[in-house]
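Please read the structure below before turning to the comments.
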Amino acid sequence: MAKIITKNLNLWYGTFHALKNINSSFEANRITAIIGPSGCGKSTLLRVFNRMNDLIEGVRTDGEVLIDDTNILNSHTDLVVLRKKVGMVFQRPNPFPLSIYENIVFGEKIHADSITRDKLDEIVERSLRDVLLWDELKDRLNEPALRLSLEQKQRLCIARLIAVKPDILLMDEPCSTLDPQATARVEELMRELKNRYTIIIVTHNMQQAARVSDDTGFMLLGELIEFGKTQEIFTAPHDKRTEDYITGRYG
Amino acid sequence: MERHVDQELKELNKDILKMSALAEEAIYKSIEALKNRDKEMARSVIDNDANIDKLELAVDEKCIDLIARYQPMAKDLRFITTGMKINSELERIADIAVDIAQRTLEIVDKPLLKPLVDIPKLTAVAQNMVKMSIDAFVKGDIALAKKVLLSDSEADQLRDVIQKELIEDYIVKDGTTAPRAVQLLLIARFLERICDHTTNIAEDVIYMVQAEVVRHHPEKLKNGK
Numbered sequence: 720m721a722k723i724i725t726k727n728l729n730l731w732y733g734t735f736h737a738l739k740n741i742n743s744s745f746e747a748n749r750i751t752a753i754i755g756p757s758g759c760g761k762s763t764l765l766r767v768f769n770r771m772n773d774l775i776e777g778v779r780t781d782g783e784v785l786i787d788d789t790n791i792l793n794s795h796t797d798l799v800v801l802r803k804k805v806g807m808v809f810q811r812p813n814p815f816p817l818s819i820y821e822n823i824v825f826g827e828k829i830h831a832d833s834i835t836r837d838k839l840d841e842i843v844e845r846s847l848r849d850v851l852l853w854d855e856l857k858d859r860l861n862e863p864a865l866r867l868s869l870e871q872k873q874r875l876c877i878a879r880l881i882a883v884k885p886d887i888l889l890m891d892e893p894c895s896t897l898d899p900q901a902t903a904r905v906e907e908l909m910r911e912l913k914n915r916y917t918i919i920i921v922t923h924n925m926q927q928a929a930r931v932s933d934d935t936g937f938m939l940l941g942e943l944i945e946f947g948k949t950q951e952i953f954t955a956p957h958d959k960r961t962e963d964y965i966t967g968r969y970g
Numbered sequence: 532m533e534r535h536v537d538q539e540l541k542e543l544n545k546d547i548l549k550m551s552a553l554a555e556e557a558i559y560k561s562i563e564a565l566k567n568r569d570k571e572m573a574r575s576v577i578d579n580d581a582n583i584d585k586l587e588l589a590v591d592e593k594c595i596d597l598i599a600r601y602q603p604m605a606k607d608l609r610f611i612t613t614g615m616k617i618n619s620e621l622e623r624i625a626d627i628a629v630d631i632a633q634r635t636l637e638i639v640d641k642p643l644l645k646p647l648v649d650i651p652k653l654t655a656v657a658q659n660m661v662k663m664s665i666d667a668f669v670k671g672d673i674a675l676a677k678k679v680l681l682s683d684s685e686a687d688q689l690r691d692v693i694q695k696e697l698i699e700d701y702i703v704k705d706g707t708t709a710p711r712a713v714q715l716l717l718i719a720r721f722l723e724r725i726c727d728h729t730t731n732i733a734e735d736v737i738y739m740v741q742a743e744v745v746r747h748h749p750e751k752l753k754n755g756k
């Protein structure tokens, strides 16, 4: 089932045409990787899905982005609701300078008018269990999140998203600051989470895209050149430009 | 852009060509030994097999090494995995040449059963199929690969003719010819097996070039794909 559909999506930063007529369909409960050289528009595309580009001055978008059949580019879209539904993990883990506990309940406190301590405790436990941090951190919940290791911080950021029960997780280079073992564990986590979420990951690491994703899209100079099953893209891409990129002949 | 891996892929290509040259030579010599009743040549085929085995291992190792170090994708990946498979097909072909040489040694000291007519014909078909399949690999030539696949029925027919003649005209009519006739039967069978290996190579080439699996899908060839 298609969770996100883009139709003739175009985006400009001022006069720079960053996304060119993107038509794509992202399936629910799958991991989709977006690959391509720097500046190809892959992070921009990711940020369209929760309207993060709105924060940048001079951005203009046209076309449609349907999430569960609703065009989120409509001016009356409630961005708070959208960003709760479509969460984002960034390249560098960015926990708030608060305790582990407060990091996780931060979103819930914003989104819910009033909530009991028991309910918050439950959310913290559930979210940390989901990212496999509960056993490690259950006795340290009041410690500053900034004291955690990089991998723990990244997991915490994922837990913070999950706490507000999103449908879609956007991940922009989520492992680029992690060592290979931590990367492997975050990838394992992604595989576990995909049963419940739609995950889209932007990555420069081709092997990571090949390992972790079900579908892959290749972007170049603002265009979505090719989109298909990961296995097919990495063994038998149709477009010469995709082949040149993934075999390292380009970019 | 020339990548570092390109140089290594070229070397792999060279090694596979060397492997095919050795396999072709083994077939040629094994049949020459049969035709000329040349024991020494038959023995040289058997002795040289160790070199082919050694090269097979080296090529295999190179392929695994390339996969481990470069994590190749797309056509690089298809080239390396196909190269690995073709390598083992060539090694099997060389083994069959050894089988032929061994059968030859069994019969050279006995009187010639009959003038060899169809076995040289089948040999020519087999040699041509080996050559075409390797050319198809080198040039990435799909049309040539398909020609190999289509040649296989000719090899099967020739083998059937040889079998029929040896059984009906010799073994059934005069049991004393059986020890020699059986060796020739086996040789015909071996030559036909060589042809089967070349069709595997041709199928691998088609996968390498257009990423389409035709193995076990004869209908894909009939549809002119």
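Residue numbers (the numbering used here), protein chains in the order written: chain G, 720 to 970; chain B, 532 to 756.
Here a beta-carbon is modelled for each residue, glycine too, at the ideal position from N, C-alpha and C.
inquiry  = If the criterion is Cβ atoms closer than 8 Å, does the pair G:Asn729 and G:Asn740 meet it?
reply    = Stepping through the first sequence from its first residue, residue 729 of chain G is reached at position 10. Stepping through the first sequence from its first residue, residue 740 of chain G is reached at position 21. In this structure, G:Asn729 sits near G:Asn740, with a CB-CB distance shorter than 8 Å.
ask   = With a cut-off of 8 Å, does the C-beta of G:Tyr953 fall near any C-beta of chain B?
value = Here residue 953 of chain G refers to the residue found at position 234 when the first sequence is read from its first residue. Here the sequence assigns Phe to residue 953 of chain G, which means Tyr is not the residue at that position. So yes, G:Phe953 belongs to the interface.
Reference B:Ala657, options B:Lys585, B:Lys545, B:Gly671 and B:Tyr559, closest by Cα = Looking up residue 657 of chain B in the second sequence gives position 126. For the residues B:Lys585, B:Lys545, B:Gly671 and B:Tyr559, the minimum Cα distance to B:Ala657 belongs to B:Tyr559.
request  = From the DSSP output, in three-state form, read off B:Arg568 for me.
outcome  = By one-based count along the second sequence, residue 568 of chain B stands at place 37. It is coil, neither helix nor strand.
inquiry  = With H, G and I counted as helix, E and B as strand and the rest as coil, what does DSSP make of G:Glu862?
reply    = For the purposes of this step, residue 862 of chain G is taken as the residue at position 143 of the first sequence. In the structure shown, the three-state DSSP call for G:Glu862 is coil.
ask   = Between G:Glu776 and G:Trp731, what straight-line distance do the alpha-carbon atoms span, to the nearest angstrom?
value = Residue mapping note: residue 776 of chain G aligns to position 57 of the first sequence, counting from 1. Residue mapping note: residue 731 of chain G aligns to position 12 of the first sequence, counting from 1. Rounded to the nearest angstrom, the two C-alpha atoms are 11 Å apart.
query = chain B beta carbons: is any one of them nearer than 8 Å to that of G:Glu827?
reply = Position 108 of the first sequence, counted from the first residue, corresponds to residue 827 of chain G. Not an interface residue.
ask   = Does the beta-carbon of G:Ala882 have 16 or more other beta-carbons within 10 angstroms, so that it is buried, or is it exposed?
value = Locating residue 882 of chain G in the first sequence gives position 163, where the first residue counts as 1. G:Ala882 should be labelled buried.
ask   = With 8 Å set as the bound, which would you pick, yes or no: does the beta-carbon of G:Leu956 sit closer than that to a beta-carbon of chain B?
value = Along the first sequence, one-based indexing puts residue 956 of chain G at 237. Here residue 956 of chain G is Pro; the residue named in the question, Leu, does not match the sequence. At least one chain B Cβ lies under 8 Å of G:Pro956.
ask   = Hey, out of G:Ile965, G:Cys894, G:Asp898 and G:Asn861, whose CA is closest to G:Gln810's CA?
value = Taking the first sequence and counting its residues from 1, the one referred to as residue 810 of chain G is at position 91. Relative to G:Gln810, the option among G:Ile965, G:Cys894, G:Asp898 and G:Asn861 whose CA is nearest is G:Cys894.
query = Does the separation of the CB atoms of G:Asn769 and G:Leu888 fall below 8 Å?
reply = In the first sequence, counting from the first residue as 1, residue 769 of chain G sits at position 50. In the first sequence, counting from the first residue as 1, residue 888 of chain G sits at position 169. By the CB criterion at 8 Å, G:Asn769 and G:Leu888 fall outside the cutoff.
ask   = If you check the beta carbons only, do B:Ser605 and G:Glu962 fall under 8 Å apart?
value = As a working note, residue 605 of chain B is residue 74 in the second sequence. As a working note, residue 962 of chain G is residue 243 in the first sequence. Residue identity differs from the one stated: residue 605 of chain B is Ala in this sequence, not Ser. B:Ala605 places its beta carbon less than 8 Å from that of G:Glu962.
inquiry  = Using a Cβ-Cβ distance cut-off of 8 Å, determine whether G:Met938 contacts chain B.
reply    = Numbered from 1 along the first sequence, position 219 holds the residue referred to as residue 938 of chain G. The beta-carbon of G:Met938 is placed no less than 8 Å from the nearest beta-carbon of chain B.
task = Check each residue of the stretch 598-629 of chain B: if its Cβ is closer than 8 Å to any Cβ of chain G, include it; give the result in chain order.
result = Cβ contacts with chain G: Gln602, Pro603, Met604, Ala605, Lys606, Asp607, Leu608 and Arg609.
C-alpha distance - G:Gln871 paired with B:His728, whole-angstrom precision = The sequence position of residue 871 of chain G within the first sequence is 152, counting from 1. The sequence position of residue 728 of chain B within the second sequence is 197, counting from 1. Taking the straight line joining both Cα atoms gives about 54 Å.
request  = Check whether the stretch 556-570 of chain B touches the stretch 622-638 of chain B, taking contact to mean three or more Cβ pairs, one atom from each stretch, closer than 8 Å.
outcome  = Because the criterion of three Cβ pairs below 8 Å is met, the stretch 556-570 of chain B and the stretch 622-638 of chain B touch.
key: Status (buried if at least 16 other CB within 10 Å, exposed otherwise) for B:Met663   = Position 132 of the second sequence holds residue 663 of chain B. Buried, by the Cβ-count rule.
query = When DSSP labels each residue in this structure, what does B:Val656 get in the three-state scheme?
reply = Walking along the second sequence from the start, residue 656 of chain B turns up at place 125. Assignment of B:Val656 by DSSP, reduced to helix, strand and coil, places it in the helix class.
request  = Check the Cβ-Cβ distances between G:Gln926 and every residue of chain B, and say whether any is below 8 Å.
outcome  = The sequence position of residue 926 of chain G within the first sequence is 207, counting from 1. Put simply, the CB of G:Gln926 is near chain B, with a gap under 8 Å to one of its CB atoms.
query = If you draw a straight line from the alpha carbon of B:Val629 to that of G:Met925, how long is it in whole angstroms?
reply = Against the second sequence, residue 629 of chain B aligns to sequence position 98. Against the first sequence, residue 925 of chain G aligns to sequence position 206. The alpha-carbon atoms of B:Val629 and G:Met925 are separated by roughly 45 Å.
message = Just checking: is the beta-carbon of G:Ile965 within a distance shorter than 8 Å of some beta-carbon in chain B?
response = Locating residue 965 of chain G in the first sequence gives position 246, where the first residue counts as 1. The Cβ of G:Ile965 sits closer than 8 Å to at least one Cβ of chain B.
message = To be precise: take each residue of the stretch 720-752 of chain G, compare its Cβ to all Cβ atoms of chain B, and keep it if any distance is under 8 Å. Which residues remain?
response = Answer set for the stretch 720-752 of chain G: empty.
inquiry  = Please report the distance separating the alpha-carbon of G:Gln927 from that of B:Pro749.
reply    = As a first step, residue 927 of chain G is located in the first sequence; it is residue number 208 there, counting from the start. As a first step, residue 749 of chain B is located in the second sequence; it is residue number 218 there, counting from the start. Each residue's CA atom was taken as its position, placing G:Gln927 and B:Pro749 some 36 Å apart.
request  = Examine the Cβ distances between the stretch 709-724 of chain B and the stretch 676-694 of chain B and report whether three or more of them are shorter than 8 Å.
outcome  = Two segments are said to touch when three or more pairs of C-beta atoms, one from each, lie closer than 8 Å; by this definition the stretch 709-724 of chain B touches the stretch 676-694 of chain B.
key: First through last residue of the alpha helix (DSSP H) which encompasses G:Ser762   = The residue labelled residue 762 of chain G in the question sits at position 43 within the first sequence. Start and end: Lys761 to Val767.
ask   = What does a CB cutoff of less than 6 Å around B:Ile562 pick up in its chain, not counting 5 residues either side in sequence?
value = Your numbering for residue 562 of chain B matches position 31 in the second sequence. So the list reads Thr654, once near-sequence residues are dropped.
key: G:Gly755 burial status per 10 Å Cβ neighbour count (16 or more: buried)   = Here residue 755 of chain G refers to the residue found at position 36 of the first sequence. Under this definition G:Gly755 is a buried residue.
message = For the pair the stretch 616-632 of chain B and the stretch 689-701 of chain B, tell me if three or more CB-CB distances fall below 8 Å.
response = Flag = no, the stretch 616-632 of chain B and the stretch 689-701 of chain B do not touch.
message = Taking the beta carbon of G:Gln950 as the centre, do at least 16 other beta carbons fall within 10 Å, making it buried, or is it exposed?
response = Taking the first sequence and counting its residues from 1, the one referred to as residue 950 of chain G is at position 231. Exposed: under 16 other Cβ atoms inside 10 Å.
query = Helix or strand or just coil, what does DSSP make of B:Thr613?
reply = Here residue 613 of chain B refers to the residue found at position 82 when the second sequence is read from its first residue. Helix at B:Thr613.
For B:Ile617 and B:Ile547, believed in contact at Cβ under 8 Å, the rounded distance = As a position in the second sequence, residue 547 of chain B is number 16, starting the count at 1. As a position in the second sequence, residue 617 of chain B is number 86, starting the count at 1. Rounded, the Cβ-Cβ distance is 6 Å, consistent with contact.
query = Within 8 Å (strictly less), CB to CB, does B:Ala742 reach chain G?
reply = Translated into the one-based positions of the second sequence, residue 742 of chain B becomes position 211. At least one chain G Cβ lies under 8 Å of B:Ala742.
Check whether G:Thr922 and G:Glu892 have beta carbons under 8 Å apart = Residue 922 of chain G sits at position 203 when you count from the first residue of the first sequence. Residue 892 of chain G sits at position 173 when you count from the first residue of the first sequence. Contact annotation: G:Thr922 and G:Glu892 have beta-carbon atoms nearer than 8 Å.
message = Applying the 10 Å Cβ sphere with the 16-neighbour rule, what's the burial state of B:Lys756?
response = Within the second sequence, residue 756 of chain B is the residue found at index 225, counting from 1. Model confidence at B:Lys756 stands at a pLDDT of 43, short of 50, so the residue's coordinates are unreliable; what they give is reported in the following sentence. B:Lys756 comes out exposed.
ask   = Leaving out the 5 sequence neighbours to the left and right, which residues in its chain are closer than 6 Å to G:Thr902 when beta-carbon positions are compared?
value = In the first sequence, residue 902 of chain G corresponds to position 183, counting from 1. The answer, listed in chain order, is Cys894.
message = Please state the DSSP three-state secondary structure of G:Lys857.
response = Residue 857 of chain G sits at position 138 when you count from the first residue of the first sequence. Here DSSP, grouped into helix, strand and coil, assigns G:Lys857 to coil.
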